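If you're matching them up, the sequences are chains A and B in order. Once you know that position 11 of the first sequence is 11 in our numbering, the rest is easy, because the numbers rise by one and skip nothing. Once you know that position 4 of the second sequence is 301 in our numbering, the rest is easy, because the numbers rise by one and skip nothing. Idealized CB from N, CA, C, for every residue including glycine. Note that the structure is a prediction, hence the values are computed from the model and not measured. Contents: one structure, followed by commentary.
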Amino acid sequence: MSLSAILSIRSISKSYGAIQALKGVSFDVPEGCVYGVLGPNGSGKTTLLGIILDVLQANGGSYQWFGGVANDASRKQIGSLLETPNFYHYLSAYDNLAVTAKIRGKGDTDRNAVLGQVGLLERKDSKFQTFSLGMKQRLAIGAALLGGPRVLVFDEPTNGLDPAGIAEIRELILKLNREGITIIIASHLLDEIEKVCTHVAILKRGTLLLNGPVNEVLVNEDQVEVMAQDMAGLKNALQAMPGIVKMTNRERFLMLTCDKGIETFHVNDYCIKKGIVLTHLAMKRKSLEAKFMELTN
Amino acid sequence: MLELLSVEWLKIRKYRTFWALCILFGVLLLMVNMLVSQGIMKMGNSDFNVLSRNYTFPEVWGNVAFWTKIFSGLLAIIIIILTTNEYQFRTNRQNVIDGWNRMQFYHAKWGLLVVLSAVVTVYTFLVGIFLAFYHGSSSNHMFEHLDSIFYIFLLSLNYFGFALMLSLVFRRSGMTIIMFLLYAYVIEQIANGLLNSRNPSKPGNFLPMQCSAELIHFPLTESISKMLGGGGPSHIYLAIASGVWIVIYYVVGRVMLLKTDW
C-alpha cells in the first residue's frame, strides 16, 4: 500500500449565509486506505464531499486529486454516492447505468457485472421509480463501480438498507479495498465505520477535531472492565492504583481508563494483593463511538 | 458536442412525456394546417374567414411558419420539463459527480435546444412542401420567401433558450411553466402595449420573445400591413434582436450555473 496522498484537502471553508459549515478543514487521504469521515448531523461531512466532487463551491481553500490531475478528469476515476441516489426516474436501472457510463467515457460493457455485484441483476429492466430505498442505494453503489474507479466516495452508503444489506455492503467495501481501491466514506453509523476504516477524520460543526490512522487515533485509549463480589471494596482499592486515569461506574462493572503500559494482568495482580478476587476482567479497546462522544459532546 | 448530445439522447430516448409532447406538436401542426387549408377551420362570421387558405408556393411558408409559432410553446414546455427534471432528480449533480464539468452539462442542454430547433424548422419545411403539393402547387416558386422558415429556427431557439434560462432560475417544473406562460401571455403583452402605444418606433417589438414573434406575422394581417405601408422595425433588426436575446439567455444561464451550488 502506497502512502502517497490520493486526495489533499487544504483549509477548505464554506458558509451558507451566516452559518459556517466548514472552517478551514485540511487532511490527506492516503492511497489504498478506507477513510472514514465522521461527525454528527450538520457537522459538514456532506458539504465537504460535495466540495471535493465539485457540486458545491468552497469559499476558501483548495483540494487536489491524484497529485494534481484536473478535477473533471479525476472525477471520471472516482465512483461516488453523494447523499441520495440520483437517477432518471423514468429509466430502467440498466438504462440509467448507460448514462453514467457514457459520461465517465469508459464504455458500458460492465453494466451487468456491477448490477450482479449489488444484487440487482434480476431487476435491471425495472424503472428506477419502482425501486425501494434499499434498491436505489444499491443501484447508486453499482453506478459508482462502473468502469473500475480508483477511488470510491460514499456518503452514508448503508442508508435504507436492512441488516443483511448493510453487512453485504460492508463486505463489498472491504473486498474492493483489498483490490486496491481507496474508499472515502462519510457516516454517522460508527459501528459500521469502525468495522471497515483504516483512517478517520472527525468533524464537529465544521471543525476538524482529529484525523489519522484508526490505531493511532485510538491509541492509549484502552479500557479495562472489572467486576468483583464486593464492588465497593474493589472501587476503593482501585482508586489508589497507579496508572488508572479514570474510573467509570457501569451497570454491573467498573470501566477503567488506564495509562499506556497497564495491562489486565497488572490490574489482576494489584487486586489479588489487596485481597480482592475478580469475577470479570476484560481489556476493551476504546470504541470509536466512545471516542466520538467524548470529542463531540 | 456529439459526445454531450449522445448523453442527452440516452436521457430522452425512453422518456414517454418527451415523445408524447413531440408527437402532439407534430400532429397538431399538420392537422391545423390541413384544416385551415381545407377551410374547415375558420376564423370569422359565417362566410367570412380571415385565415389564409393559400397553401401554394410561396405563400405556404408564411402559413405553416405562423402555426409553428403558435404551437412552439408546447415544445418550450418540453425544455422546461427536461431541465427541471435534472434538478428534481438531482441528476445535474450526478452528471457532474460522474465526470462532466458544469459547462458540459450546460452545453449539452444548449446542444439539445439547437437540435430541437433544427428539427422543428425541418419539420415545418416538410409540412409546407407536403401541403403545397397536396394542393396542386407547382414547384416554380418553391424557394421564394423561405425566410419564414429561417425565422422559425430563430424563434424556436429564442423561445427554448428563454425556457432553459427560466428553468435554471426557478428549478421547479410547475413554477417555471407558470412563469413562462405568465411572461409570454401577460407580462410581455402588457409591456409591449405600453411601450408601443407611446412610441412610433415600437420599442416593444424588441422585447425578448416579441422580437422573434414579430418576424412571423398572421398571414392575412401581413398583407394588410404591407398595403398600409407597414410599421415597426424591419425584419433584419428583429432578427438581430432575437440573436442578441439568445446570447443574453446563454450568458445569464452560464453565470448562474457557475456561481451557484447545485
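Around the beta carbon of residue 532 of chain B, fewer than 16 other beta carbons lie within 10 angstroms, which makes this residue exposed. Across the region 53-79 of chain A, CB contacts with chain B closer than 7 Å involve 53, 54, 55, 56, 57, 72, 75, 76, in sequence order along the chain.
DSSP lists A:228 as the beta-bridge partner residues of residue 278 of chain A.
When DSSP states are grouped into helix, strand and coil, residue 531 of chain B belongs to the coil group. DSSP, reduced to helix, strand and coil, places residue 137 of chain A within a helical segment of the structure shown.
Each of A:145, A:97, A:106, A:144 was checked against the Cα of residue 123 of chain A, and the nearest Cα belongs to A:97.
In the DSSP assignment, residue 465 of chain B forms no beta bridge with any residue. The straight-line gap separating the alpha-carbon atoms of residue 431 of chain B and residue 387 of chain B is approximately 48 Å. In the three-state reduction of the DSSP assignment, residue 439 of chain B falls in the coil class. The secondary-structure analysis by DSSP pairs residue 212 of chain A across a beta bridge with A:200. Distances from the CA of residue 350 of chain B to each of B:359, B:358, B:344, B:335 were compared; the closest alpha carbon is that of B:335. Counting of Cβ neighbours within 10 angstroms places residue 85 of chain A among the buried residues, the total reaching 16 or more. Going by DSSP, residue 118 of chain A is part of no alpha helix (DSSP H) at all; its letter is neither H nor E.
Ranked by Cα distance from residue 35 of chain A, the options A:247, A:246, A:217, A:272 are led by A:217.
Minimum Cα-Cα distance from residue 240 of chain A among the listed residues A:256, A:38, A:191, A:203 corresponds to A:256.
Within the same chain, and ignoring the five residues on either side of residue 549 of chain B in sequence, the residues whose Cβ sits closer than 6 Å to its Cβ are 462.
The secondary-structure analysis by DSSP pairs residue 15 of chain A across a beta bridge with A:20. Annotation for residue 70 of chain A: no alpha helix (DSSP H) segment contains it, and DSSP assigns it neither H nor E. Where residue 508 of chain B is concerned, there is no enclosing beta strand (DSSP E), although the alpha helix (DSSP H) around it starts and stops at 507-510.
Only those residues of the region 397-416 of chain B whose C-beta falls short of 7 Å from the nearest C-beta of chain A are listed: 397, 398.
For a cut-off of 8 Å, the C-beta gap from residue 58 of chain A to residue 14 of chain A is around 5 Å, short enough to register as a contact. Taking a Cβ-Cβ threshold of 8 Å, the residues of chain B close to residue 87 of chain A are 386, 388, 391, in chain order. In chain order, 53, 55, 75, 80, 82 make up the part of chain A whose C-beta sits under 7 Å from the C-beta of residue 394 of chain B. Following the DSSP letters along the chain, one finds residue 316 of chain B inside the alpha helix (DSSP H) bounded by residues 313-335.
Taking 8 Å as the cut-off between beta carbons, none of the residues of the region 426-450 of chain B comes near chain A. Selection A:295, A:28, A:117 evaluated against residue 143 of chain A yields A:117 as nearest (Cα-Cα).
Ranked by how close their Cα comes to the Cα of residue 353 of chain B, the residues B:406, B:323, B:427, B:455 have B:427 in first place.
Contacts with chain B at 7 Å (Cβ-Cβ) do not include residue 5 of chain A. Taking a 10 Å sphere around the C-beta of residue 107 of chain A, we find fewer than 16 other C-beta atoms and assign the residue as exposed. Not one beta carbon of chain A lies nearer than 7 Å to the beta carbon of residue 358 of chain B. Nearest to residue 160 of chain A by alpha-carbon distance, out of A:135, A:289, A:168, is A:135. Taking the C-beta atoms as reference points, residue 49 of chain A is found no nearer than 7 Å to residue 196 of chain A. By the CB criterion at 7 Å, residue 55 of chain A and residue 393 of chain B fall inside the cutoff. Rounded to the nearest angstrom, the gap between the Cα atoms of residue 266 of chain A and residue 180 of chain A is 41 Å. At a cut-off of 7 Å, the C-beta of residue 12 of chain A has no neighbouring C-beta in chain B. Residue 61 of chain A is a Cβ neighbour of residue 10 of chain A, given a cutoff of 7 Å.
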